[in-house]
Amino acid sequence: MNTPAGQLPDISMDASALYREEIYTDRKMGILRALHPVNADGSTDTARAMVFSGEAQLMTSLGALPISFDIPAATLAEAVAAYSEASKAALERTMRELQELRRQAASSLVIPPSGSHLGGGMGGMGGLGGLGGGGKIQMP
Numbered sequence: 097m098n099t100p101a102g103q104l105p106d107i108s109m110d111a112s113a114l115y116r117e118e119i120y121t122d123r124k125m126g127i128l129r130a131l132h133p134v135n136a137d138g139s140t141d142t143a144r145a146m147v148f149s150g151e152a153q154l155m156t157s158l159g160a161l162p163i164s165f166d167i168p169a170a171t172l173a174e175a176v177a178a179y180s181e182a183s184k185a186a187l188e189r190t191m192r193e194l195q196e197l198r199r200q201a202a203s204s205l206v207i208p209p210s211g212s213h214l215g216g217g218m219g220g221m222g223g224l225g226g227l228g229g230g231g232k233i234q235m236p
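In this text, residue positions in the sequence shown follow the working numbering: the first is 97, and each later residue adds one.
Dropping the structure here:
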């Protein structure tokens, strides 16, 4: 938190942007959320449209990665029909983002050259049992 000591950020809800949430699932693929716009008194806000979002999980070597995505639809039936395409698009976007994160992580590796202060010319890792190679990274 980047706030001065003793000063808390303003934490409040926007009474003009409230939604009531309903959750639907087929117990196989994932979850579909229907967000119904409501007024501050809980009555239905007919001036705003419903919002649909989906959730799925991508299994990775580190465990399940939750994926959330919006579903363009006006009714629950349309949202159910559009779930598959919306989830595929979200999965593709997530895979691209993961590949970009991997690329950034790989390009940020810094290995000191041979003869640096760490190894005195002994492979860069302190001599006996250290890694050889002189600190050169070769990219394919």
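Where a beta carbon is used, it is the ideal one built from N, C-alpha and C, also for glycine. Bear in mind that the values here come from a model prediction, so they are computed numbers and not experimental data.
| Query | Result |
| --- | --- |
| Is it a yes or a no for the region 172-188 touching the region 142-155, going by three-plus beta-carbon pairs under 8 Å? | yes |
| Would you call alanine 143 buried or exposed, if buried means 16 or more other Cβ atoms sit within 10 Å of its Cβ? | exposed |
| Between phenylalanine 165 and alanine 136, how many whole angstroms is the CB-CB distance? I'm expecting something under 8 Å. | Going by Cβ atoms, the distance from phenylalanine 165 to alanine 136 rounds to 28 Å, so no, they are not a contact pair. |
| What are the partner residues of tyrosine 115, as DSSP defines its beta bridges? | Pro133 |
| Taking the alpha-carbon positions, what's the alanine 202 to leucine 194 distance? | 12 Å |
| I need the straight-line Cα distance from tyrosine 179 to serine 204, nearest angstrom please. | 37 Å |
| Report the residue from Met191, Arg129 and Ser157 whose alpha carbon sits nearest the alpha carbon of alanine 169. | Arg129 |
| Within 10 angstroms of its Cβ, does serine 112 collect 16 or more other Cβ (buried), or is it exposed? | exposed |
| Please state if the CB of leucine 158 and the CB of threonine 190 are separated by a distance shorter than 9 Å. | no |
| Alanine 152 and isoleucine 163 look like a contact to me (Cβ under 8 Å); what is the Cβ gap, rounded to whole Å? | 5 Å |
| Using 8 Å for Cβ pairs, my map puts threonine 140 next to histidine 132. What's the rounded Cβ distance? | 7 Å |
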